Amino acid sequence: MYDIAILGASGYTGAELIRLIAVHPEMRIAALGANSKAGQSMSDVFPHLRHLDLPELVTIDEIDFSAIDLCFCALPHATSQEVIAALPKTLKIVDLSADFRLRDSEAYAKWYGGAHAALDCQAEAVYGLTEFYRDEIRRARLVAGTGCNAATGQYALRPLIAGGLIDLDDIIIDLKTGVSGAGRSLKENLLHAELSEGTHAYGVGGTHRHLAEFDQEFSAIAGRPVKVQFTPHLLPANRGILATVYVKGEPGAIHGALRDAYASEPFLQVLPFGQVPSTRHIRGSNYCHIGVTGDRIEGRSIVIAALDNLTKGSSGQALQNANLMLNLEETMALTAPPVFP
């Protein structure tokens, strides 16, 4: 039994980690850090978890990390790097923030507005897109979870770029996401009266930070710079991401490449040609559904990917990576079916 700590346990991804680990046969939650709510019980912060026997929330400084086998860090970016830099150098860590996703410190400064404060940790971090970095993740001490939007777009595109099946200079990612991706902090634009009964684009014109991950990963696959057009939209829904990706390429070949690439993947399911996924069919699960169809314009294809931003896009991915880091079965505690309706 491995003893686990979760930092940032009072946020959405922290609560999702607790929900998943609660049924894990090889992990025990030994410490929950949440500085802003220290001294409270999880049943006070998240009543849906009141049936679980969980430790009280404490400040991070109160946790004895010598007794911890692996730590999930679900803190905001900038905060996360400072906390992780101060943790024991032998501690296995899965970070859910943006702080260690980018390999280039100058790229981090550009996209996140400040110099990185933990360059040694940044240098050793492994990018946490499980299906493409398994071997590195197994050997890693620090794994950097991906952005949820970035993960969705990459599942739709990585095999196509690697196979030379699409025009790399004509890729459009039109993405819709639920509001839980913005975190639990109070924000005026996320009030019910501001958000419900409508949807809107944000990060328009190439300003969204997850573009940095697309640039990094797609360019590495192609061996030359690749820049995609990416516009996210905020939906009046709690969970889920739906990415509609427009590419130049032959539909049958694109579907075949995705089907073959993911044939043995437990959580990536490519639908029969012409079928398209929905966020309602992956809700609360660690599964990603991918569909391919042709466009009325010859030589163009549409790839649509759906996943739950809190599970496969964040906390589920984090647990999948932690299983690998602890030499456990990768799918452990992650195979529960989606919640429907």
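Numbering of the sequence shown is given in our numbering, commencing with residue 8 and proceeding in unit increments. Glycine included, each C-beta is placed from N, C-alpha and C at the ideal position. Everything numeric in this text was worked out from a predicted model, so none of it was measured.
* **Counted within 10 angstroms of its Cβ, other Cβ atoms place M8 as buried (16 or more) or exposed** => Mapped onto the sequence shown, residue 8 falls at position 1. Classification for M8: exposed.
* Give the single residue among D127, L126, R145 whose Cα lies nearest to the Cα of G135. => Here residue 135 corresponds to residue number 128 of the sequence shown, with the count starting at 1. If we check each option's Cα against that of G135, R145 comes out closest.
* Return the residue from the list A189, T300, R57, L218 that minimises the CA-CA distance to F257. => The residue given as residue 257 occupies position 250 in the sequence shown. Here residue 257 turns out to be Glu, not Phe, going by the sequence shown. The residue with the shortest Cα to Cα distance from E257 is T300.
* Would you call L126 buried or exposed, if buried means 16 or more other Cβ atoms sit within 10 Å of its Cβ? -> Position 119 of the sequence shown, counting from 1, holds the residue named residue 126. Under a 10 Å Cβ-count criterion, L126 is classified as exposed, with fewer than 16 other Cβ atoms of the shown protein chains found around its own Cβ.
* To do: Please work out which residues of its chain come closer than 6 Å, Cβ to Cβ, to F53, disregarding the five sequence neighbours upstream and downstream, and give them in chain order.
  => Counting from 1 along the sequence shown, the entry for residue 53 is found at position 46. Answer for F53: A22, listed in chain order.
* If G160 and A45 are in contact, beta carbons under 8 Å, what's the gap, nearest whole angstrom? -> Here residue 160 refers to the residue found at position 153 when the sequence shown is read from its first residue. Here residue 45 refers to the residue found at position 38 when the sequence shown is read from its first residue. Their Cβ separation, rounded to whole angstroms, is 37 Å, which puts G160 and A45 out of contact at 8 Å.
* Among the residues of its own chain, which have a CB less than 6 Å from the CB of N293, if the five just before and after it don't count? -> Sequence index remark: in the sequence shown, residue 293 carries index 286 (1-based). Only F274, T318, K319, G323, L341 meet the Cβ criterion.
* Asked: Once you ignore the five residues that flank M49 on each side, which residues in its own chain have a CB closer than 6 Å to its CB?
  -> As a first step, residue 49 is located in the sequence shown; it is residue number 42 there, counting from the start. Sequence-distant partners of M49 (beyond 5 residues in either direction) whose C-beta falls short of 6 Å from its own C-beta, in its chain, are L56, L61.
* Kindly say whether A37, judged by its beta-carbon, lies nearer than 8 Å to any beta-carbon of chain C. => In the structure shown, chain C does not exist; there is a single protein chain.
* **With 16 other Cβ atoms within 10 Å as the buried cut-off, status of R108** => Position 101 of the sequence shown, counted from the first residue, corresponds to residue 108. By the neighbour-count definition (other C-beta atoms within 10 Å, threshold 16), R108 is a buried residue.
* **Straight-line Cα distance separating W118 from K96** => Position 89 of the sequence shown holds residue 96. Position 111 of the sequence shown holds residue 118. The straight-line gap from Cα to Cα measures roughly 27 Å.
* Asked: Three-state secondary structure (DSSP) at Q129?
  -> For the purposes of this step, residue 129 is identified with residue 122 of the sequence shown, where counting begins at 1. Helix.
* For K255: DSSP bridge partner residues -> Along the sequence shown, one-based indexing puts residue 255 at 248. K255 pairs with R307.
* Asked: Does DSSP put Y294 in a helix, in a strand, or in coil?
  -> Position 287 of the sequence shown, counted from the first residue, corresponds to residue 294. Reduced to three states, the DSSP call for Y294 is coil.
* Have a look at G51 and G40 and give me their C-alpha separation to the nearest angstrom. => Within the sequence shown, residue 51 is the residue found at index 44, counting from 1. Within the sequence shown, residue 40 is the residue found at index 33, counting from 1. Looking at the sequence shown, residue 51 is not Gly but Asp. Cα to Cα, D51 sits roughly 15 Å from G40.
* Inter-residue CB distance, T214 and H240 (contact presumed, cutoff 8 Å) -> Counting from 1 along the sequence shown, the entry for residue 214 is found at position 207. Counting from 1 along the sequence shown, the entry for residue 240 is found at position 233. Contact between T214 and H240 does not hold, since the beta-carbon distance rounds to 14 Å and is not under 8 Å.
* Asked: Where does E224 land, buried or exposed, given buried means 16+ other C-beta within 10 angstroms?
  -> For the purposes of this step, residue 224 is taken as residue 217 along the sequence shown, with counting starting at 1. Burial call: buried.
* State the beta-bridge partners of G40 as determined by DSSP. => To locate residue 40, count along the sequence shown from 1; it is residue 33. Answer is L14, V65, bridged to G40.
* **Residue environment, E201, which counts as buried when at least 16 other CB atoms sit within 10 Å** => As a first step, residue 201 is located in the sequence shown; it is residue number 194 there, counting from the start. Counting every other CB atom within 10 Å of its CB across the protein chains shown gives E201 a total below 16, marking it as exposed.
* Helix, strand or coil for Y162 per DSSP? -> Along the sequence shown, one-based indexing puts residue 162 at 155. Note: Y162 maps to helix in three-state DSSP.
* **Contacts around G263, its chain only, beta-carbon distance under 7 Å, and the 5 residues preceding and following it disregarded** => Sequence index remark: in the sequence shown, residue 263 carries index 256 (1-based). Nothing meets the Cβ criterion.
* Asked: Who are the Cβ neighbours of I178 in its own chain at under 6 Å, not counting the five residues just before and after it?
  -> Residue numbering aside, residue 178 sits at position 171 when the sequence shown is read from its first letter. Only V235, V254 meet the Cβ criterion.
* When the Cα of Y209 is compared with those of T184, A227, I297, which residue comes out closest? -> Taking the sequence shown and counting its residues from 1, the one referred to as residue 209 is at position 202. It is T184.
* N334, buried or exposed, once every other Cβ within 10 Å from all chains shown has been counted against 16 -> In the sequence shown, residue 334 corresponds to position 327, counting from 1. It is exposed - the Cβ of N334 has fewer than 16 other Cβ atoms within 10 Å.
* F347 - DSSP class collapsed to helix/strand/coil -> As a first step, residue 347 must be located in the sequence shown, where it is residue number 340. Coil at F347, not helix or strand.
* Cβ-heavy atom distance between I70 and the ligand HEM below 7 Å? -> Absent from the structure shown: the ligand HEM. Ligands present: none.
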